[in-house]
């Protein structure tokens, strides 16, 4: 069964206004953005826990809320499953009791049959008689999901469902959650402020900032084509830089930056051509900057584009990769405070090139890894 839902919400609170509009279809829609952007408030409005001042919420042609028409279904009529940040399990109830909590109005046999079915699908059958205090973090998450899914919701809402867990467990449960959500086939809206989590769990990502939607797109499009500098910064992209357009054609763009002329491939999806001498924002992914080995012949211009020289002025070890901060040799103030570019190199490359000892490098940036940001 395919799903479709549309959300228009305006809610005014002291010092904050939520004013959002977005649509989503099958799979998982992730509301992503910093804390305080209005993501959880949106979930509460979808669940019927808070009444918006204006707007309309429609799930699979069912109108849950329509301010103009005076429609505001109470939470129990919305068929919405809600997984809270802390899971909010009832400590005095067993796993089976928690999962069956939303089914209290059904006949006992029907309720018990549904609980058994949900426990089996979530691999919890052997834990039916345990209490939440006897469960691991991952088991508690599945019980909370089971309770929300047992009512066969039209829409599943999850508020930062992994935030209470430590990092290794988060990674494991993120993948488990993804497979449960895709296997169940229920339309879902999930809130997170962690971009890796958003990317792994989402089919569509809706980016929130200050109570507004600043981009809504399929996850791959968002990763490679942020709609603006604001979106790039909320996503935590590194090397968000500013230059001036030298020349732009449909397939190439030249940018003056820090005394160099960078050439980038102008993505065919960009419908506009910036005018020469206009300011431009762009970003360069740290893993796409290539240091050039010194024991080889001079760099080949066909392979090494956008050649520059610089010095490593800072570094951090992230386990599998080193993050290097490079300052260009060209005079003038560095573009990011005390450095110009963040560069990521695998541990092996760091050791082979003896970067710890040798701090001055020539490097190149592939044309396809410079991404122009729309203004």
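Residue numbers (my numbering): 10 to 384. Glycine included, every Cβ here is placed at the ideal spot set by N, Cα and C.
- Excluding five sequence positions before and after residue 247, the CB atoms of its chain that fall closer than 7 Å to its own CB belong to 295 and 351, given in chain order.
- Proximity of the segment 137 to 145 to the segment 88 to 101 meets the contact definition, three or more beta-carbon pairs being nearer than 8 Å.
- Residue 81 has 74 as its beta-bridge partners, per DSSP.
- For residue 218, the secondary structure class from DSSP, reduced to helix, strand or coil, is strand.
- Look at the segment 27 to 113 and you find these whole runs of alpha helix (DSSP H), each 4 residues long or longer: 48 to 56 and 104 to 108.
- Assignment of alpha helix (DSSP H) within the segment 161 to 235, counting only whole runs of 4 or more residues, yields 176 to 193, 204 to 210 and 228 to 233 in chain order.
- Residue environment: residue 204 is assigned as buried (16 or more neighbouring CB atoms within 10 Å of its CB, all protein chains considered).
- When the five nearest sequence neighbours on each side are left out, the beta carbons in the same chain lying within less than 6 Å of the beta carbon of residue 231 are those of 214, in order along the chain.
- If you keep only unbroken alpha helix (DSSP H) runs of at least 4 residues inside the segment 251 to 304, you get nothing at all.
- Going by beta carbons, residue 254 and residue 292 fall outside the 7 Å limit.
- By the criterion of at least three beta-carbon pairs nearer than 8 Å, the segment 17 to 25 is in contact with the segment 51 to 70.
- One thing to note: residue 378 has its Cβ no nearer than 7 Å to the Cβ of residue 315.
- The distance from the Cβ of residue 14 to that of residue 164 is about 7 Å, consistent with a contact at the 8 Å cut-off.
- Note on geometry: alpha-carbon atoms of residue 31 and residue 79 lie some 21 Å from one another.
- With a cutoff of 7 Å on beta-carbon distance, residue 283 and residue 257 are scored as near each other.
- The C-alpha of residue 321 is placed about 9 Å away from the C-alpha of residue 337.
- Taking all protein chains shown into account, residue 380 has 16 or more neighbouring C-beta atoms within 10 Å of its C-beta and is therefore buried.
- The residues 124, 127, 128, 133, 152, 155, 156 and 159, in chain order, have a CB closer than 8 Å to that of residue 108 in the same chain once the five nearest residues on each side in sequence are set aside.
- Proximity to residue 300 across 83, 177 and 358 peaks at 358, based on C-alpha coordinates.
- Between residue 34 and the set 297, 371, 12 and 217, the nearest pair of CA atoms involves 12.
- Taking 7 Å as the cut-off, the Cβ atoms of residue 343 and residue 349 count as close.
- When secondary structure is reduced to three states using DSSP, residue 363 falls in the coil class, being assigned neither helix nor strand.
- Cβ contact annotation for residue 83 (same chain, cutoff 8 Å, sequence separation greater than five): 57, in chain order.
- The continuous beta strand (DSSP E) containing residue 325 extends over residues 317 to 326.
- Around the Cβ of residue 48, a 10 Å sphere holds 16 or more other Cβ atoms; the residue is buried.
- DSSP places residue 142 within a helical segment (H, G or I) once states are collapsed to three.
- Rounded to the nearest whole angstrom, the CA to CA distance from residue 69 to residue 223 is 25 Å.
- Residue 123: not part of any beta strand (DSSP E); member of the alpha helix (DSSP H) spanning 117 to 130, first to last residue.
- Shown here, residue 334 sits in a strand according to DSSP, grouped into three states.
- The beta carbon of residue 65 sits closer than 6 Å to the beta carbons of 17 and 75 from its chain, once the five residues preceding and following it are set aside; these are given in chain order.
- Across the structure, residue 193 and residue 211 are spaced so that their CA atoms are roughly 15 Å apart.
- Exposure of residue 281 is indicated by the presence of fewer than 16 other C-beta atoms within 10 angstroms of its C-beta.
- In the DSSP annotation of this structure, residue 242 is not part of any beta strand (DSSP E); the continuous alpha helix (DSSP H) holding it starts and ends at 238 to 243.
- The beta carbon of residue 28 is closer than 7 Å to those of 19, 220 and 221 in its chain, skipping five residues each way along the sequence.
- Out of 252, 149 and 259, the CA that lies nearest to the CA of residue 268 is found in 252.
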